[in-house]
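Participant: Numbering (UniProt numbering), first residue to last: 1 to 303.
Just so you know, even glycine gets a beta-carbon here, dropped at the ideal spot from N, CA and C.
Since we're looking at a predicted model, the values are computed, not measured.
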Ligand code: G1P
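#1: Does the beta carbon of residue 39 fall short of 6 Å from some heavy atom of the ligand G1P?
#2: Taking residue 174 and residue 148 to be in contact with their CB atoms under 8 Å, please state how far apart those CB atoms are, rounded to whole angstroms.
#3: To the nearest angstrom, report how far apart residue 169 and residue 275 are at their CA atoms.
#4: Measuring CB to CB, does residue 13 end up less than 7 Å from residue 115?
#5: Determine the closest residue to residue 157 out of 68, 184, 165 and 103, with distance taken between C-alpha atoms.
#6: How is residue 216 classed by DSSP in three states: helix, strand or coil?
#7: According to DSSP, simplified to helix, strand and coil, what is residue 7?
#8: Between residue 187 and the rest of its own chain, which residues show a CB-CB distance below 6 Å, the 5 nearest in sequence each way excluded?
#9: Do the CB positions of residue 102 and residue 162 come within less than 7 Å of each other?
#10: Going straight from the alpha carbon of residue 15 to that of residue 38, what length do you get?
#11: Residue 267 lies in the alpha helix (DSSP H); which residues open and close that run?
#12: Entirely within the stretch 135 to 164 and at least 3 residues each: give me those beta strand (DSSP E) ranges in chain order.
#13: For residue 179, list the residues DSSP reports as bridge partners.
#14: Determine the burial state of residue 207: buried for a count of at least 16 other Cβ atoms within 10 Å of its Cβ, exposed for fewer.
#15: Cβ of residue 233 within 6 Å of any heavy atom in the ligand G1P?
#16: Might you give, ordered along the chain, the residues of its own chain that have their beta carbon closer than 7 Å to the beta carbon of residue 160, omitting 5 neighbours on each side?
#17: Going by DSSP, what residues sit across from residue 209 in a beta bridge?
#18: To the nearest angstrom, how far is the alpha carbon of residue 71 from that of residue 87?
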């Protein structure tokens, strides 16, 4: 039997320079897709997968994330008095249980590998999930849940992967594909931000991981890699020598909300899908001249 994954780590220390000036005083993880902050989607996905402990690796200016996952009595009382029960229920439902969140700081921006390493004392000697909140997934079954199902059969380390156009691989970590099918194949190698012509495939690491705790010791000594940063992918490449890595080509659609285009597209897709505002939003888009057929096509693609 494999060891159950109960803890998830959320690296939220990034500066968000691509969204300035919006992110000058506000964490990029609090940017909203419709009316929910990006970090809330990642936490929801983790809960759906059975995660019970939520670890945030934060940095300066990120205090509001901690506030977001706390109760707000003044607001709750006001909603109660005004009879806004649905809004109140949603707020309460979004909240992890008391004592189930932990916060630590990445004191210097040394890269994703370093951010993950900063969570080592809180995670301890247990497998853990890692969710990069920039990546948002629209999927019938959450992507981490899909990965957990594979993990229960394979154990080891599991990464969500997806195909992108070859010219885009240099923005991501890229894996080589070995034996197995989409729901679980052996990863034969990986490289962070390769040149398109040097990439082992066009399968990128999609920002969802299940990792064994041995990664922490490797991260402790990991030299800087691509972009001068301590790269998680480099440490995983070393761990591959002693532990299996399994790729899951998940079912669903991803939005890279670390880019403006991905973020805006996510907002359109999620808004069109909402029962309360979808139709009105579609009508509003038509009024500003967006062709209905184009929107319909987009809606179908998003399903
Ligand atoms: C990070 C990882 C990369 C992964 C990507 C997914 O890169 O290092 O392997 O493919 O997230 O979003 P970053 O976006 O921090 O440059």
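Facilitator: Well, looking at it:
#1: Within the chain shown, the letter at position 39 stands for residue 39. No; taking the cut-off as 6 Å, the Cβ of residue 39 has no heavy atom of the ligand G1P nearer than that.
#2: One-based indexing of the chain shown puts residue 174 at position 174. One-based indexing of the chain shown puts residue 148 at position 148. That pair is no contact at about 23 Å.
#3: Indexing the chain shown from 1 puts residue 169 at position 169. Indexing the chain shown from 1 puts residue 275 at position 275. When rounded, the distance between both Cα atoms is 35 Å.
#4: Position 13 of the chain shown holds residue 13. Position 115 of the chain shown holds residue 115. Yes, Cβ-Cβ distance for residue 13 and residue 115 is below 7 Å.
#5: Here residue 157 refers to the residue found at position 157 when the chain shown is read from its first residue. Closest option to residue 157, Cα to Cα, is 184.
#6: Sequence index remark: in the chain shown, residue 216 carries index 216 (1-based). Correct three-state label for residue 216: helix.
#7: Numbered from its first residue, the chain shown carries residue 7 at position 7. Strand at residue 7.
#8: By one-based count along the chain shown, residue 187 stands at place 187. These residues qualify, in order along the chain: 175, 245 and 247.
#9: Locating residue 102 in the chain shown gives position 102, where the first residue counts as 1. Locating residue 162 in the chain shown gives position 162, where the first residue counts as 1. No, they are not a contact pair.
#10: Residue numbering aside, residue 15 sits at position 15 when the chain shown is read from its first letter. Residue numbering aside, residue 38 sits at position 38 when the chain shown is read from its first letter. Between residue 15 and residue 38, the C-alpha separation is close to 15 Å.
#11: Numbered from 1 along the chain shown, position 267 holds the residue referred to as residue 267. From DSSP, the alpha helix (DSSP H) with residue 267 extends over 260 to 273.
#12: 135 to 138 and 157 to 163
#13: Residue numbering aside, residue 179 sits at position 179 when the chain shown is read from its first letter. According to DSSP, residue 179 bridges with nothing at all.
#14: On the chain shown, position 207 is the one that residue 207 refers to. Residue 207 is buried by the Cβ-count criterion.
#15: As a working mapping, residue 233 is identified with position 233 in the chain shown. Within the cutoff, so yes.
#16: Residue numbering aside, residue 160 sits at position 160 when the chain shown is read from its first letter. Here the set comprises 143, 147, 206, 208, 248 and 250.
#17: Sequence index remark: in the chain shown, residue 209 carries index 209 (1-based). DSSP lists 130 and 159 as partners of residue 209.
#18: Taking the chain shown and counting its residues from 1, the one referred to as residue 71 is at position 71. Taking the chain shown and counting its residues from 1, the one referred to as residue 87 is at position 87. C-alpha separation (whole angstroms): 14 Å.
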